[in-house]
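Peer 1:
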Amino acid sequence: MKKNIILSGVLLISGFAFSQVGVNTATPQATFDIVGMSTDSTKTDGLIAPRLKGSELKTKDGLYSAAQTGAIVYVTEALTSTGTTAKTANVTTAGYFYFDGTLWQKLAYGTFTETDGVIGNEVLNATANGGLVRAGSGTAASPYTLGLTSGTANGQIMTWNGTTWSPAAVNLTEVDGVVGNEVLNATANGGLTRAGSGTAASPYTLGLTSGTANGQIMTWNGTTWSPAAVNLTEVDGVVGNEVLNATANGGLTRAGSGTAASPYTLGLTSGTANGQIMTWNGTTWSPAAVNLTEVDGVVGNEVLNATANGGLTRAGSGTAASPYTLGLTSGSANGQVMTWNGTAWGSANALNIYNANGTLTTDRTLSFGGRALTFQGSGQQTVWGSTGTLYQYGITSYANMILNAADNNGNGIPARMHFQIYPEQPAQIIADNDATALNLSTHQTTVAAPINFATSPGSNANGVARAQIDGDGKFNINNTLSVGYTSQQTFASNQKLKVNGSIATSTTTYPDYVFEDYYNKSSVIKPAYKFSSLYDTEKFIKENRHLPGVTSIKELEKTAEGYSFNISDLSVQSLEKIEELYLHTIEQQKQIDEQKNNIVSLLKITEKLQAEIDVLKKQ
Numbered sequence: 001m002k003k004n005i006i007l008s009g010v011l012l013i014s015g016f017a018f019s020q021v022g023v024n025t026a027t028p029q030a031t032f033d034i035v036g037m038s039t040d041s042t043k044t045d046g047l048i049a050p051r052l053k054g055s056e057l058k059t060k061d062g063l064y065s066a067a068q069t070g071a072i073v074y075v076t077e078a079l080t081s082t083g084t085t086a087k088t089a090n091v092t093t094a095g096y097f098y099f100d101g102t103l104w105q106k107l108a109y110g111t112f113t114e115t116d117g118v119i120g121n122e123v124l125n126a127t128a129n130g131g132l133v134r135a136g137s138g139t140a141a142s143p144y145t146l147g148l149t150s151g152t153a154n155g156q157i158m159t160w161n162g163t164t165w166s167p168a169a170v171n172l173t174e175v176d177g178v179v180g181n182e183v184l185n186a187t188a189n190g191g192l193t194r195a196g197s198g199t200a201a202s203p204y205t206l207g208l209t210s211g212t213a214n215g216q217i218m219t220w221n222g223t224t225w226s227p228a229a230v231n232l233t234e235v236d237g238v239v240g241n242e243v244l245n246a247t248a249n250g251g252l253t254r255a256g257s258g259t260a261a262s263p264y265t266l267g268l269t270s271g272t273a274n275g276q277i278m279t280w281n282g283t284t285w286s287p288a289a290v291n292l293t294e295v296d297g298v299v300g301n302e303v304l305n306a307t308a309n310g311g312l313t314r315a316g317s318g319t320a321a322s323p324y325t326l327g328l329t330s331g332s333a334n335g336q337v338m339t340w341n342g343t344a345w346g347s348a349n350a351l352n353i354y355n356a357n358g359t360l361t362t363d364r365t366l367s368f369g370g371r372a373l374t375f376q377g378s379g380q381q382t383v384w385g386s387t388g389t390l391y392q393y394g395i396t397s398y399a400n401m402i403l404n405a406a407d408n409n410g411n412g413i414p415a416r417m418h419f420q421i422y423p424e425q426p427a428q429i430i431a432d433n434d435a436t437a438l439n440l441s442t443h444q445t446t447v448a449a450p451i452n453f454a455t456s457p458g459s460n461a462n463g464v465a466r467a468q469i470d471g472d473g474k475f476n477i478n479n480t481l482s483v484g485y486t487s488q489q490t491f492a493s494n495q496k497l498k499v500n501g502s503i504a505t506s507t508t509t510y511p512d513y514v515f516e517d518y519y520n521k522s523s524v525i526k527p528a529y530k531f532s533s534l535y536d537t538e539k540f541i542k543e544n545r546h547l548p549g550v551t552s553i554k555e556l557e558k559t560a561e562g563y564s565f566n567i568s569d570l571s572v573q574s575l576e577k578i579e580e581l582y583l584h585t586i587e588q589q590k591q592i593d594e595q596k597n598n599i600v601s602l603l604k605i606t607e608k609l610q611a612e613i614d615v616l617k618k619q
C-alpha cells in the first residue's frame with residue numbers, strides 16, 4: 001500500500017508540474033501518454049472508449065456541440081433507421097463513432113480485392129451473342145480482353161435478330177439500277193395509264209388516258225376520272241342574255257318568244273298619269289301618285305303644335321299670310337341651359353364642374369359602365385378602373401398617395417402618411433410631419449386576426465410566409481433571426497439566432513444561494529436548496545439519470561424540430577452546477593494539499609528508515 005500511495009503522489013505531482021499524464025511511464029511524451037506493458041503477458045493492453053447504447057447516446061444530443069468536436073465513443077447497440085435524430089443519423093450499426101461538431105460519424109474501414117495488380121480491368125461477363133467476345137482467364141498472366149464478334153462474309157453489319165446482336169448481310173432489291181423509280185400500281189380508270197413490265201429492259205412508264213374526241217376534258221363521273229365532252233347551249237350567240245321569266249306586276253314587261261329570231265326584251269310597266277312613281281302596295285310594284293299638302297308654298301315649315309312650357313315659343317296663326325314661327329324660350333341669366341324639371345322644359349343655371357363648385361341635393365351613384373375614369377396631373381395620374389379598382393400612376397417618376405390629417409395644434413404642420421414608390425426602388429409607407437408613430441395592427445376584428453409577413457424570393461414567385469404575430473401577440477419567425485448587425489448574416493444549417501451584443505433576461509433567483517448554503521448551512525435566497533456531496537450526487541444520478549437541480553429531458557417539451565427548454569432556467573441551473581463544481585474542486589484541492597504533506601512526511605520517514613537499514617547492514 002505504501003508503494004501505491006507514493007506512486008500516486010508522484011503521478012499527481014507530475015501532473016501538476018507538467019500538465020502531462022503518463023500511464024506505465026514516468027516521462028510522458030504527450031498530454032496523455034499510455035505505454036503498453038509488452039513484457040507482462042498477464043495483463044491486457046489497449047484503450048477502451050466510453051461504451052454506451054445508441055439510445056443512450058441519442059438522449060445526450062443536447063450536450064454535444066462544436067466544443068465536443070473529436071469526441072469518440074463505442075456504440076454497443078445500434079439505433080433503428082427510424083429511431084435516429086439529426087446528430088445520430090449515422091448510428092445504425094455498432095462500432096466506434098466520432099463527433100464532427102454536427103453529427104456522429106462512424107470510423108470506417110474497407111477491403112479492396114485486386115487480381116492482377118491493375119485496378120479496374122476485370123470483366124465479369126461478356127457473351128458472344130451480345131456482339132463482344134471475351135478472351136483470357138483473367139489472371140495476371142492472361143487478363144481478360146474484349147473484341148467484337150468476327151463476321152462470316154464481307155459487307156456484313158451487326159443486326160438484331162430479335163434475340164441477339166449478330167453479323168448479317170444487308171439485302172437491297174433494285175430492278176433497273178435506279179433506286180425508287182418503280183411504280184406499284186396505276187389503273188386506267190384513274191386517268192393514268194401504265195406501260196412496261198417493270199423489268200430492266202422495259203421499266204414502268206406513266207401517261208394520261210387518251211381521249212376519244214376533240215375538246216374533251218377530264219371529269220369525275222362519281223366513280224373514276226375519264227374524258228368527256230363539255231356541252232354549252234347558247235340561243236342568240238351572246239352568252240348570258242337570256243331571261244327565264246318576267247311578270248308585268250313586277251314592274252317589268254316581257255316581249256318576244258325567246259327564239260333566235262325574237263329574243264326576250266324587258267321594259268318598265270307604263271304609268272297612267274304624270275307624276276306617278278313606282279310604289280309597293282303590299283303585293284306588287286305599280287305606278288301611284290304622291291300627294292304632298294303645302295299651305296304657304298314652303299315645304300316643311302308648318303307647325304302642328306308648340307307649347308311655351310316645352311321651351312319653344314310659337315308665333316303666327318298658321319295662315320299663308322301669317323304662318324307659324326318657332327323660337328326657344330328666352331333665359332333669365334347668362335349661362336343658363338334648358339333642363340327638365342319633371343313637368344316641363346325650362347331654363348336653369350348650368351353646373352360646370354370644370355369652373356364651378358356644386359352641392360349634391362341627394363345621394364348619387366356613378367356607374368362606370370365598363371369604362372375607366374382618369375384624373376390627369378403633370379407628374380401623376382389617378383385612374384378608377386372599369387371594375388372599380390383605384391390606381392395611382394407615376395408619369396415622370398414616383399407614384400405617391402398622401403393622407404393629411406387636420407392641424408389641431410395649430411403649428412401649421414399636419415400629421416401626414418405617404419404611400420409611395422420610386423422607379424425600381426422599394427415601396428414605402430411613411431409617417432411624417434406631426435405623425436407621432438406608425439402603427440401596423442389588426443383592430444376590433446370578430447375573430448383573432450394575426451399580422452402575417454411574407455416575402456418573394458424573386459423570379460416572379462409568390463410571397464412565402466416568413467413571420468407572424470398572432471391574435472394573442474405571440475411572434476413566430478419561420479427562418480433565421482440576426483440582432484445587432486448592420487446586414488444580413490450567414491447561418492449554419494442548425495442555427496436560427498445570432499446576436500451581436502449581450503442578451504438580458506429576467507429571473508426570480510440567482511445561484512449565489514449555493515455559496516450561501518455551503519458556508520451558512522442555509523440559504524435565504526433559496527431556502528429549499530441544499531449543497532450535496534459528490535457521493536449524494538452520484539447516487540442521485542444513478543437513480544434519475546440527470547444532475548440534481550437540472551431539468552430532466554423527460555420534463556422537456558419535444559416537437560418535430562427537437563426539444564424546447566427555458567434558456568433562463570438553464571442558465572441558472574448551469575451556473576448552480578459551476579458554483580457547486582468550484583466548491584467540490586476547492587475541497588479536492590485541500591485534500592490534495594494534505595496528501596502532498598503526507599507524502600513529504602512519508603518520504604522523510606522512508607529516508608530515515610532507509611538510513612537505519614543501511615546502518616544495520618554495515619554492522
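Using the UniProt record's numbering, the first residue of the sequence shown is number 1, and each one after it goes up by one. Cβ atoms here follow ideal geometry from the backbone N, Cα and C, with glycine treated the same way. It should be emphasised that the depicted structure is a prediction, and the values quoted were computed from it without experimental measurement.
(1) How do the stretch 497-517 and the stretch 19-28 stand: do at least 3 beta-carbon pairs fall below 8 Å, yes or no?
(2) Counting pairs of Cβ atoms below 8 Å between the stretch 31-39 and the stretch 58-73, do you hit three or more?
(3) Express the C-alpha separation of residue 368 and residue 387 in angstroms, rounding to a whole number.
(4) Roughly how many angstroms lie between the CA atoms of residue 355 and residue 376, to the nearest whole one?
(5) Would you tell me roughly how many angstroms separate the C-alpha atoms of residue 424 and residue 399, rounded to the nearest one?
(6) Is residue 473 buried or exposed, if buried means 16 or more other CB atoms sit within 10 Å of its CB?
(7) Go ahead and pull the three-state DSSP assignment for residue 57.
(8) At the level of alpha carbons, what is the spacing between residue 98 and residue 422?
(9) May I have the straight-line CA-CA distance separating residue 112 from residue 67, to the nearest angstrom?
(10) Using 8 Å as the threshold, is the C-beta distance between residue 467 and residue 460 below it?
(11) Roughly how many whole angstroms lie between the Cα atoms of residue 500 and residue 480?
(12) How many angstroms separate the CA atom of residue 4 from the CA atom of residue 542?
(13) May I ask you to report which of helix, strand or coil DSSP gives residue 38?
(14) Take residue 538 as the anchor and find which of 548, 530, 580 has the nearest alpha-carbon.
(15) Give me the Cβ distance between residue 385 and residue 391, rounded to the nearest whole Å; I'm assuming they're in contact under 8 Å.
(16) Roughly how many angstroms separate the alpha carbons of residue 11 and residue 26, rounded to a whole number?
(17) Can you give me the Cβ contacts of residue 322 inside the same chain, cut-off strictly under 7 Å, excluding the 5 residues immediately before and after it?
(18) Contact check, residue 408 vs residue 416 under 8 Å by CB: the rounded distance?
(19) Could you pull the start and end residues of the beta strand (DSSP E) that residue 279 belongs to?
(20) Mark residue 142 as exposed unless 16 or more other C-beta atoms lie within 10 angstroms of its C-beta, in which case mark it buried.
(21) By Cβ distance, which residues of its chain are closer than 8 Å to residue 489, with the 5 residues on each side in sequence left out?
(22) Determine which residues share a DSSP beta bridge with residue 217 and list them.
(23) In the DSSP assignment, what residue or residues form a beta bridge with residue 600?
(24) Report all residues from its chain with a CB closer than 8 Å to the CB of residue 76; omit the five preceding and five following residues, and keep chain order.
(25) Between the alpha carbons of residue 578 and residue 603, how many angstroms are there, rounded?
(26) Compute the distance between the beta-carbons of residue 451 and residue 434, then report whether it is under 8 Å.
(27) Would you identify the three-state DSSP class for residue 495, choosing helix, strand or coil?
(28) Alpha carbon to alpha carbon, how far is residue 96 from residue 587?
(29) Residue 255 to residue 289, Cα distance in whole Å?
(30) Could you check the C-alpha separation between residue 151 and residue 203 for me, to the nearest Å?
(31) My guess is that residue 565 and residue 556 are in contact by the Cβ rule of under 8 Å, so how many angstroms apart are they, rounded?
(32) In the structure shown, what three-state DSSP assignment does residue 612 receive?
(33) In chain order, which beta strand (DSSP E) runs of at least 3 residues are fully inside the stretch 85-113?
(34) From which residue to which residue does the alpha helix (DSSP H) around residue 620 run?
(35) In angstroms with no decimal places, state the Cα-to-Cα distance between residue 193 and residue 219.
(36) So, with DSSP's three-state summary, where would you put residue 524?
Peer 2: Inspection of the coordinates gives the following:
(1) no
(2) no
(3) 8 Å
(4) 16 Å
(5) 12 Å
(6) exposed
(7) helix
(8) 56 Å
(9) Because the pLDDT of residue 112 is 49, which lies under 50, any placement of that residue in the model is unreliable, and the number read from its coordinates should be weighed accordingly. The alpha-carbon atoms of residue 112 and residue 67 are separated by roughly 36 Å.
(10) no
(11) 14 Å
(12) In this prediction, residue 4 scores a pLDDT of 40, lower than 50, which makes its location untrustworthy; no coordinate-derived value is stated.
(13) coil
(14) 548
(15) 6 Å
(16) Note that residue 11 scores 43 on pLDDT, short of 50, meaning its location in the model is unreliable; the coordinates nonetheless yield the value given after this. Going from the Cα of residue 11 to the Cα of residue 26 covers about 8 Å.
(17) 316
(18) Their Cβ separation, rounded to whole angstroms, is 14 Å, which puts residue 408 and residue 416 out of contact at 8 Å.
(19) 277-280
(20) exposed
(21) 480, 482, 498
(22) 228
(23) Residue 600 pairs with nothing; no bridge assigned.
(24) 51, 52, 53, 94
(25) 36 Å
(26) no
(27) coil
(28) 36 Å
(29) 27 Å
(30) 37 Å
(31) 5 Å
(32) helix
(33) 95-99, 104-106
(34) What is shown of the chain runs 1 to 619, which leaves residue 620 out entirely.
(35) 16 Å
(36) coil
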